[in-house]
Structures are given as C-alpha cells and as structure tokens.
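Number of protein chains: 2
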Amino acid sequence: MLDLARLRALHAVSVHGSVSAAAIALGYTPSAVSQQIAKLERETRTTLLERQGRGIALTDAARHLAATAQQLLAIVEEAETTLEEQRGQPTGRLVIGAFASAARGLMPVVLASLAAEHPSLDARLLEVDPHLSVDLVAQGVIDLAVAHDWDIAPLPAPEGQERAVIGEDLCDLLVPAGHPLARVAARRPLRREDLPGRRWICQPPGSVCHDWLVRTLRASGHEPDLAYQAAENHTQIALVAAGLGVALMPRLGRGPLPDGVLALPLEPVPVRRLYALWRPGAARRPAITETVRLLADLWPRRMS
Amino acid sequence: MLDLARLRALHAVSVHGSVSAAAIALGYTPSAVSQQIAKLERETRTTLLERQGRGIALTDAARHLAATAQQLLAIVEEAETTLEEQRGQPTGRLVIGAFASAARGLMPVVLASLAAEHPSLDARLLEVDPHLSVDLVAQGVIDLAVAHDWDIAPLPAPEGQERAVIGEDLCDLLVPAGHPLARVAARRPLRREDLPGRRWICQPPGSVCHDWLVRTLRASGHEPDLAYQAAENHTQIALVAAGLGVALMPRLGRGPLPDGVLALPLEPVPVRRLYALWRPGAARRPAITETVRLLADLWPRRMS
DNA sequence: GCTTGGATGCAGTAACGGTTAAAGGTACGA
DNA sequence: TCGTACCTTTAACCGTTACTGCATCCAAGC
Numbered sequence: 001m002l003d004l005a006r007l008r009a010l011h012a013v014s015v016h017g018s019v020s021a022a023a024i025a026l027g028y029t030p031s032a033v034s035q036q037i038a039k040l041e042r043e044t045r046t047t048l049l050e051r052q053g054r055g056i057a058l059t060d061a062a063r064h065l066a067a068t069a070q071q072l073l074a075i076v077e078e079a080e081t082t083l084e085e086q087r088g089q090p091t092g093r094l095v096i097g098a099f100a101s102a103a104r105g106l107m108p109v110v111l112a113s114l115a116a117e118h119p120s121l122d123a124r125l126l127e128v129d130p131h132l133s134v135d136l137v138a139q140g141v142i143d144l145a146v147a148h149d150w151d152i153a154p155l156p157a158p159e160g161q162e163r164a165v166i167g168e169d170l171c172d173l174l175v176p177a178g179h180p181l182a183r184v185a186a187r188r189p190l191r192r193e194d195l196p197g198r199r200w201i202c203q204p205p206g207s208v209c210h211d212w213l214v215r216t217l218r219a220s221g222h223e224p225d226l227a228y229q230a231a232e233n234h235t236q237i238a239l240v241a242a243g244l245g246v247a248l249m250p251r252l253g254r255g256p257l258p259d260g261v262l263a264l265p266l267e268p269v270p271v272r273r274l275y276a277l278w279r280p281g282a283a284r285r286p287a288i289t290e291t292v293r294l295l296a297d298l299w300p301r302r303m304s
Numbered sequence: 001m002l003d004l005a006r007l008r009a010l011h012a013v014s015v016h017g018s019v020s021a022a023a024i025a026l027g028y029t030p031s032a033v034s035q036q037i038a039k040l041e042r043e044t045r046t047t048l049l050e051r052q053g054r055g056i057a058l059t060d061a062a063r064h065l066a067a068t069a070q071q072l073l074a075i076v077e078e079a080e081t082t083l084e085e086q087r088g089q090p091t092g093r094l095v096i097g098a099f100a101s102a103a104r105g106l107m108p109v110v111l112a113s114l115a116a117e118h119p120s121l122d123a124r125l126l127e128v129d130p131h132l133s134v135d136l137v138a139q140g141v142i143d144l145a146v147a148h149d150w151d152i153a154p155l156p157a158p159e160g161q162e163r164a165v166i167g168e169d170l171c172d173l174l175v176p177a178g179h180p181l182a183r184v185a186a187r188r189p190l191r192r193e194d195l196p197g198r199r200w201i202c203q204p205p206g207s208v209c210h211d212w213l214v215r216t217l218r219a220s221g222h223e224p225d226l227a228y229q230a231a232e233n234h235t236q237i238a239l240v241a242a243g244l245g246v247a248l249m250p251r252l253g254r255g256p257l258p259d260g261v262l263a264l265p266l267e268p269v270p271v272r273r274l275y276a277l278w279r280p281g282a283a284r285r286p287a288i289t290e291t292v293r294l295l296a297d298l299w300p301r302r303m304s
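Note that the protein sequences, when read in sequence, are chains Z and H.
Each step along the first sequence adds one to the number in full-length UniProt numbering, with nothing skipped, and position 246 is 246.
Each step along the second sequence adds one to the number in full-length UniProt numbering, with nothing skipped, and position 99 is 99.
1) Measure the beta-carbon distance from L266 of chain Z to C171 of chain Z and round it to whole angstroms, keeping in mind my assumption that it falls under 8 Å.
2) To which residues of the same chain is V261 of chain Z closer than 8 Å at the C-beta, ignoring the five residues directly before and after it?
3) Looking only at its chain, what residues have a beta carbon closer than 7 Å to the beta carbon of L264 of chain H, apart from the 5 residues adjacent to it on each side?
4) D143 of chain Z: buried (16+ other C-beta within 10 angstroms of its C-beta) or exposed?
5) Tell me, which residues are paired with H148 of chain Z by DSSP?
6) Tell whether a beta-carbon distance below 9 Å holds between L106 of chain Z and A115 of chain Z.
7) With 16 other CB atoms within 10 Å as the buried threshold, where does M1 of chain Z fall?
8) Nearest CA to the CA of G243 of chain H: which residue from H:D259, H:G281 and H:A231?
9) Contact between the segment 137 to 151 of chain Z and the segment 274 to 288 of chain Z: three or more CB pairs below 8 Å?
10) In chain H, which residues lie with their C-beta within 9 Å of the C-beta of H64 of chain Z?
11) Given that Q71 of chain Z touches chain H, what residues does it touch there, using C-beta distances under 7 Å?
12) How would you label E117 of chain H, buried or exposed, when you count the other beta carbons within 10 angstroms and need 16 or more for buried?
13) Given that A61 of chain H touches chain Z, what residues does it touch there, using C-beta distances under 9 Å?
14) Closer than 8 Å is the cut-off here; do at least three beta carbon pairs connect the segment 89 to 98 of chain Z with the segment 23 to 41 of chain Z?
15) Which runs of the beta strand (DSSP E) at least 3 residues long sit entirely within the segment 182 to 254 of chain Z? Give them in chain order.
16) Starting from R63 of chain H, follow the alpha helix (DSSP H) in both directions and report where the run begins and ends.
17) Along chain H, in chain order, which residues have C-beta atoms closer than 7 Å to that of residue 306 of chain Z?
18) Judging by CA-CA distance, which residue of Z:A12, Z:I288 and Z:Y275 is the nearest neighbour of P154 of chain Z?
19) Checking contacts by CB at 9 Å: is S120 of chain H closer than that to chain Z?
20) Taking DSSP as the reference, what is the three-state secondary structure of P286 of chain Z?
21) Considering Cα atoms alone, identify which of H:E162, H:R254 and H:T47 is closest to N233 of chain H.
22) If we define contact as Cβ-Cβ less than 9 Å, is R8 of chain H a contact residue for chain Z?
23) If you reduce the DSSP assignment to three classes, tell me which class R54 of chain H lands in.
24) Please state the DSSP three-state secondary structure of D143 of chain H.
25) Does G27 of chain Z come out as helix, strand or coil in the three-state DSSP assignment?
26) So W212 of chain H and P270 of chain H are in contact, right, with Cβ under 8 Å, and what is the actual spacing, rounded?
27) Can you list, in chain order, the residues of its chain whose CB lies under 8 Å from that of residue 317 of chain H, leaving out five sequence neighbours each side?
28) What did DSSP end up calling P265 of chain Z once you bin it into helix, strand or coil?
29) Give me the subset of the segment 85 to 110 of chain Z whose CB atoms are less than 7 Å from a CB atom of chain H, sorted by chain position.
30) Could you name the residues of chain Z that T68 of chain H contacts, counting a contact when the two beta carbons are closer than 7 Å?
31) For the segment 186 to 210 of chain H, which residues have a CB atom closer than 9 Å to at least one CB atom of chain Z, in sequence order?
32) Please confirm if R45 of chain Z has its CB atom under 9 Å from at least one CB of chain H.
33) Determine the DSSP secondary structure at R279 of chain H, reduced to helix, strand or coil.
34) Just the Cα atoms here: how many angstroms apart are E85 of chain H and A5 of chain Z?
35) Using beta-carbon positions only, say whether A103 of chain H and L125 of chain H come within less than 9 Å of one another.
36) Compare the C-alpha of P119 of chain H against each of H:E223, H:V292 and H:A287 and name the closest.
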C-alpha cells in the first residue's frame, strides 16, 4: 500500500525541483526526504529520482506518480475541510499572509484572539508584499491574505478568489512641528491644492503609497518631489521629525508620533480599503470565517 | 494530514460492519483497528464510532469519511497497477480464487511456477464456490477467479468482467469393476442412451455436476436416481468402489483411481470449460496476464 | 445467574521515521 | 588543476509509533 506521506514528499520534490527545496517546504531535513523517496522506490521497485549534475531529475514514472499524489492530496485536503466544517470549530493550520502595516497594527490582536478562543487552531503569520498576496493564495502558500487597495486604484476582483472587506484605513499628512501647513490646518482641513511644492518623504516606487502620491499630484498638473524614500514607517517619521519634508501615512500600524511631528487631516481624505482574500470554497472552513470575522471586529474604529 | 492506513481501517469497519470483522479482513487484531480509529478520532476531533449494543455504529461523519477513503484507495490501487504495468514484472499481492478441483489439480503447479519465476509476487489462493466467484471478483475479495461452465450451460459473459479460456475438462463415467457398462464400453464408446436406469453418485443439488446430470437425462425423458450425494470427489470414488452406483466425474483433480473403479469414456463427451475471470482493466497488471498465461500453459494436455 | 461475543485499555516490543554527522559527486572559480 | 561550494545520499542514533497479547468491560442470550 502506497504511503501518503511518501507520496507527498515525492510531490514536493516534483514541485520544488530539488530534495532540499522540498524538505524546506515540508519542514524536514533533506536527509529525511531523501530517505522517504528511497523507501518509496524500494516499495514500488521503481526508479523515481536520477542524479543530474548536482541535483536530481524525476523519471517518467515519478512524474506520473507525483501527479497521482497531487490528486490524492487534493481529496485529502477537501476531506479535512469537510471535517472542520462539520465540526464547526476552527482547527488545523491556517497560514495568514498580511502586508507590513496590517501585520504590525492588526494581526497581533487577531492572532491573540484566535489563540485564546481556538486552542486547536494553529494560526501562522507571514508578512508578504501586497502585490504577491493574490498569487500566494492561489498557490496555496497562504490560506488567507490581508491585502488592500487605494481609493484611486481599487483592487480588481481577483480571478477565482473570494474576499471580504475588513475596513477602511485613512491617511494623514505628517509634517514637522512649525511647518506652514500646520497653521493652515488649524483653520480648515487641508485640500489637495495644498500639497504641490513640498519635499516628500515616501515609500520606494512600486508601493501603493508611492503610486497614490504621484498619480494624485500629477492629476492636478504637478510632479511631486520625492526627495526621501524609505520602506519603513518609522524611518519616514524620523525623516519628518528631522524637518526634511512631509509624508503621507495611513493610520494603521503608524504607532504614536514623536514630539515634533504632527498628523494633519486631508479633505477629501485618502483612503485605502483592507480586504481578506481566500481560495474559493475555503470559506467552508470555520478557521477562515472566524478569522475574517475577527479581522473586521477588531478593526480599530479610530482608523475610519 | 489524514493517514491512509487509518482511513483504510475506517473503510474496512464501514464495509464489514464491525471492528473485529475489519481486523480479520485487514490481517490485524481488533485491538489494533480500534486503536487506529481512536487515533483518527483524536486527529480529526470527531466522533466516528458509537457503541451500539455489543457492536458499533458509524456516525454520519464517519460514513462520509469512509466514502472519501474508498475514493482514495481506488486511486491508490490504480496507481499501483500503473506502476506494475510500467515495470512489466508481476508484483504485489494477487489473490486467486479457484473452485475445488482446480485448486487441487491445477493451482499447485501454477502457484509453484509463480513463486519460482516471480519472487516479488505475493500470490495467494482461496478455494471458492464457482457460483460466487463472479461476485467475489467484482467485490475485490479476489483478483483472479478460476471458474468453469458446462457444455449444456455456458457461463454467461459476466457483466463488466474480462475472461480468458484456460482449457477444457472432459468427463468420464466411473463404474465399479465388473459393472455391465464396462463390458459395453470395451466394444464401443458409451452413449447417453446407456445412462438412464442407473443408481447415481453425484454432488449435492446446486452444483454444476448435479445440474448436468439432471438436465441431460431429463432431456431424454428420464429422471435420474440420485441415490448418494457427496461433495468430495474422493468420497464419490469410495462409493463407486463399494459398488453402490456410478458417477460422472471430470478428469481435473480426480487423482488416480483405486483398484476396482474404472473410468469409461462417453460419446459425445461431457465437457466443462475453465475460465479465468478478472476485473476490467486488471489485465494491465503483469501479475494477471502472467498468471493467466501459466494457467493455460500448465493446463494438463491429457485433460482434453 | 453464568456464558458468549465484541470493543477497548494497557504493557511490552519491534519497526519506523526523524535528526545529526559524514561521505560521495558534480559544477564552478581561482 | 585543484579547491570549494552545493546537493544528495548514507550511517548511526534515538524518540515515537503501531502492532500483539492480555485483561477488562459491556450487552445479549441461555
């Protein structure tokens, strides 16, 4: 009787292309994977792996067997989902992928709640780039993604994935104390006309914050002066505190501002919307529904 | 990750209706099966078995899981067949069911050849009633059946099974020495007209030999006098030797006749045809094709 | 009542399946 | 050409698993 664990090892080797990569993916040492497959070869009396240079190559029989393994694993996963659904309690492993701010500002409290309320759920966190989250969900690397879009560039409904809105995250303009705009903001909310002509501190190109700034200012005919680029919020805040420029920053995960940095509201306020994404059908898992519920429930009200 | 061995245990319990029956079918002790399923219950955090009187009953979740297990096991069996086919050498377990005479007269030499030529094949023999063999093949209890029909009642091509002819087994009339028919047979072959009016020794009702006798004599307007009924050939021969009557007996597995018993040829000769039966697609297994080949090759020429 | 048949719990044991450490082999660079 | 780095495999070791055998418990039947 073929063993499922061994077939899973073969499948992992087939997918990742090497014994070591498969071992990492499975959480074993390469030695263990190698032995599993050697045992599978003995049991089936078939050569599955052939050494090719420094690595290995799968034989035809191995590729066919790996395809069968994939089929089996899909059925097993389906069965496990059904069991969890029937039981109604979150169980098993749930890998959540979240972008940096959500990982800092939202996930700790969510993960703590999950751990407290559902001890048999093994929830894990992976900080991922929001652009990659759709693919990572599809590939099965993560089961649930926390992603976001931006008011001027809504997230297209991902092909064959389901989603729910977690909440809306508002943006303020960070300025050093004593900045001219602080006096303006004391009288009225800042408008987009107030933004051109500043030295900007923002994220590197390719990030949504960067794009928002460029597109919004260009729409009013100006090219923003992106003088300082840093990925981390704290770095940006430090640059603002040093009086080097102004920054646009969402409230989620921003943390308390140091003395000498002010958060000024904008009108209309830039907003990004946070979503949870999962594979179609995965909502049958209580683990998914419960986590999505907690994400929305624990979404800080002050954000919106 | 659900374990296939445990799922197989659950499936066996589901099929056989009790832990002990499942254990027998799987070749374990009931304790082992009970522990397997207890572990499966812990892993899935689901109740699968409930005590019902002296036995057990499956929960809804267990029935659903057993159905999934069946699906998985079918895929695994298919994969194992493909592996054996690719390798081209008989391997794995092959359960052969044969009716009594074939088990005695044909299978020993076939099994010995298989064991000698294919050490990695685990061939097993089960003596089965020929009427049941079609069902047993369909149920998967046996992988290959050696069955037979009778010239006046050909075996209908079994629904959804494949077959091959092994050979033809001829029948003689056994009489005690000094019986009047012995003198007739010395001059010419016996004909059906010589048969009525004898005291018959034959198998119990329901067996093919019994049916052949009754139908053949009734066709010529006579009711046979079935004075002595015994299932075993040797018993019948002993009854003939004691001068109690005559018997019709196929040559396969008949063994040497004791002094005082003669085998007289009939014209036309009653003949039964031996078949090998297997599930459709199973012929992809070299184990099946090789065994069928040996069955036909080692079929004793003197029989036909 | 006792007996029978079946499921389960427990102790013991053999085999399995992992890790670490060391040993091939191959490609790449000095 | 040799050394190095990388990957796979092997060997030794060890904790865990998964059987068996036996005892126990429960329900049904005599």
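Even glycine gets a Cβ: it sits at the ideal position worked out from N, Cα and C.
All figures in this text were calculated on a predicted structure; none of them were measured in a lab.
The answer reads as follows:
1) 7 Å
2) L174, V175, P176, A177, I237, V240 and A241
3) D172, L173, V175, L181, A182, A185 and L190
4) buried
5) Z:L274
6) no
7) exposed
8) H:D259
9) yes
10) A79, T82, L83 and Q86
11) I75
12) exposed
13) T82, L83, Q86 and R87
14) no
15) 199 to 202, 225 to 229 and 246 to 250
16) D60 to R87
17) Lying before the first or after the last residue shown, residue 306 of chain Z is absent from chain Z, which here runs from 1 to 304.
18) Z:Y275
19) yes
20) helix
21) H:R254
22) yes
23) coil
24) coil
25) coil
26) 6 Å
27) Absent from the model: residue 317 of chain H. The displayed extent of chain H is 1 to 304, so no value can be given.
28) strand
29) Q86, R87 and T91
30) I75 and A79
31) none
32) yes
33) coil
34) 23 Å
35) yes
36) H:A287
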